[in-house]
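Okay, so here's the structure we're looking at.
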Amino acid sequence: MDAEERVTGLMGRAMAQDAELPLLVEHAVFETPDILVLDLVAASGADLPAWDPGAHIDLVLASGLVRQYSLCGDPADRGRYRVAVQREAAGRGGSIEIHNLAMQGSSVATRGPRNHFALVEAPCYLFVAGGIGVTPMLPMIRAAERGGRPWRLVYGGRSRATMGFLSDIGGRRGGETDLLPQDECGLPDLHALLSGLDDQTLVYGCGPGAMLTALEAAAASLGLSERLHIERFAAPEITPHHDMDRPFEVELRLSGLVLQVPADRSLGSVLQDADIPVTFSCQEGYCGSCECLVIEGTPDHRDTILNESEKAEGRIMMVCVGRAHSPRLVLEL
1 MDAEERVTGL
11 MGRAMAQDAE
21 LPLLVEHAVF
31 ETPDILVLDL
41 VAASGADLPA
51 WDPGAHIDLV
61 LASGLVRQYS
71 LCGDPADRGR
81 YRVAVQREAA
91 GRGGSIEIHN
101 LAMQGSSVAT
111 RGPRNHFALV
121 EAPCYLFVAG
131 GIGVTPMLPM
141 IRAAERGGRP
151 WRLVYGGRSR
161 ATMGFLSDIG
171 GRRGGETDLL
181 PQDECGLPDL
191 HALLSGLDDQ
201 TLVYGCGPGA
211 MLTALEAAAA
221 SLGLSERLHI
231 ERFAAPEITP
241 HHDMDRPFEV
251 ELRLSGLVLQ
261 VPADRSLGSV
271 LQDADIPVTF
281 SCQEGYCGSC
291 ECLVIEGTPD
301 HRDTILNESE
311 KAEGRIMMVC
321 VGRAHSPRLV
331 LEL
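Mapping of the sequence shown onto UniProt numbering: residues 1 to 333, in sequence order.
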């Protein structure tokens with residue numbers, strides 16, 4: 001998807017994506033002791049909004065928390081969304097709330113789907129997954145199979161007992177799977193893995209931040225960065241400091257407001273204080289829920305979603321962490 005298509009798609013889908021859709025938990029099954037798989041359906045039995053591999057939905061929890069989970073079912077099945085929630089004891093509480101409350105027959109509000117990790121058409125694919133990062137790879141593998149395109153999955157985890165969807169992966173055709181439990185195999189040699197690629201293979205990576213940082217470094221050293229697509233479930237572990245931030249002004253074209261963003265405050269926090277209807281979840285620039293159109297001005301992008309071309313285009317920004325290079329921004333808010 002190029003920048004123009006992304007902007008057009010954002011304009012057309014924004015209202016639908018931000019609207020909450022109540023769904024019922026049709027099934028709730030533990031894939032592993034810490035991974036709960038939910039099948040969500042409309043109470044009326046109606047078809048759900050279409051999605052493509054790489055998409056995620058927001059779960060709007062009773063506590064007010066909003067969390068994103070990759071759709072890991074089959075896009076051809078319009079009757080249900082399937083997500084997998086890994087319990088994170090040291091997390092911010094969302095996964096624990098879902099594990100405690102999202103039982104069969106319960107209801108949950110959703111938003112989306114959105115897709116910042118779309119599968120680009122290519123002759124062949126290398127999928128690199130760590131832990132729960134395997135979830136967006138499952139529909140991608142199905143799509144590759146249906147298109148007759150070769151694929152390889154390299155899937156690591158702490159141990160086999162913690163690695164979900166092994167039976168699903170084992171039944172796939174048209175590709176190969178390398179299972180690399182860390183307690184048996186250690187950490188994968190990502191540089192060696194990428195060194196053997198032909199010039200037609202695209203690489204998709206999803207998993208822990210340290211794994212993705214290493215994957216990015218390996219791709220950069222081999223000149224493969226443009227062929228690498230990654231999705232993060234958390235902000236990068238090393239976040240650059242910005243001691244020279246300057247204040248700027250933001251005009252909200254739809255709201256008719258002009259707000260001042262001080263040097264020591266984020267644009268996201270200023271928008272929240274002004275009660276501007278923007279969906280914020282991660283507030284660290286990796287989930288995409290606060291994606292916004294830029295009408296005028298030059299954004300200072302600090303997210304991990306947009307690629308270099310999209311950042312240079314300057315027509316979209318993530319307002320939770322983004323700032324401005326220009327003295328003034330005009331946003332479609």
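A virtual CB, placed ideally from N, CA and C, is assigned to each residue, including glycine.
Please read these numbers as outputs of a predicted model, since none were measured by experiment.
- Taking 7 angstroms as the cut-off, the Cβ atoms of G207 and G133 count as close.
- Rounded to the nearest whole angstrom, the CA to CA distance from A19 to P139 is 25 angstroms.
- In this structure, the alpha-carbon of V41 lies about 43 angstroms from that of G196.
- When secondary structure is reduced to three states using DSSP, G164 falls in the coil class, being assigned neither helix nor strand.
- T201 has C124 as its beta-bridge partners, per DSSP.
- DSSP places A218 in the uninterrupted alpha helix (DSSP H) bounded by G209 to S221.
- In summary, P123 is exposed, with fewer than 16 beta-carbon neighbours lying within 10 Å of its beta-carbon over all protein chains present.
- Under the rule that a run must span 3 or more residues, the beta strand (DSSP E) segments found entirely inside the UniProt domain "2Fe-2S ferredoxin-type" (248-333) read 248-252, 257-261, 291-296, 316-318 and 328-331.
- In the structure shown, E176 adopts extended strand secondary structure according to DSSP, grouped into three states.
- G54 and V321 have their alpha carbons spaced roughly 23 angstroms apart.
- By the C-beta density criterion, N100 is exposed, having fewer than 16 other C-beta atoms within 10 angstroms.
- Taken in chain order, the complete beta strand (DSSP E) segments of 3 or more residues contained in the UniProt domain "FAD-binding FR-type" (18-120) are 21-32, 35-41, 56-60, 66-70, 81-86 and 107-114.
- Within a 10 Å sphere around the beta-carbon of P327 sit fewer than 16 other beta-carbons, which makes this residue exposed.
- Between V330 and L267, the CB-CB gap reaches or exceeds 7 angstroms.
- Around the Cβ of R67, a 10 Å sphere holds 16 or more other Cβ atoms; the residue is buried.
- Secondary-structure assignment with DSSP links A129 through a beta bridge to Y155 and C206.
- The Cβ atoms of R232 and L202 lie no closer than 7 angstroms to each other.
- Counted as a single uninterrupted DSSP element, the beta strand (DSSP E) harbouring L228 occupies residues L228 to R232.
- Out of G285, E313, A210 and G64, the CA that lies nearest to the CA of E296 is found in E313.
- When secondary structure is reduced to three states using DSSP, P136 falls in the coil class, being assigned neither helix nor strand.
- Between L194 and L153, the C-beta spacing is not below 7 angstroms.
- Taking the C-beta atoms as reference points, G112 is found no nearer than 7 angstroms to D77.
- Rounded to the nearest whole angstrom, the CA to CA distance from F117 to G148 is 21 angstroms.
- According to the DSSP assignment, L224 belongs to no alpha helix (DSSP H), since it is labelled neither H nor E.
- The C-beta of S70 has 16 or more other C-beta atoms within 10 Å across all chains shown, which makes the residue buried.
- The shortest CA-to-CA distance from I98 to any of L259, D198, V278 and I35 is the one to I35.
- As computed with DSSP, P181 is found in a beta bridge with G157.
- Sequence-distant Cβ neighbours of L254 in its own chain, meaning closer than 7 angstroms and more than five residues away, are E332 and L333.
- Per DSSP, L190 is one residue of the alpha helix (DSSP H) stretching across L190 to S195.
- The straight-line gap separating the alpha-carbon atoms of P33 and D264 is approximately 43 angstroms.
- In this structure, DSSP gives R246 a state outside helix and strand, which the three-state scheme calls coil.
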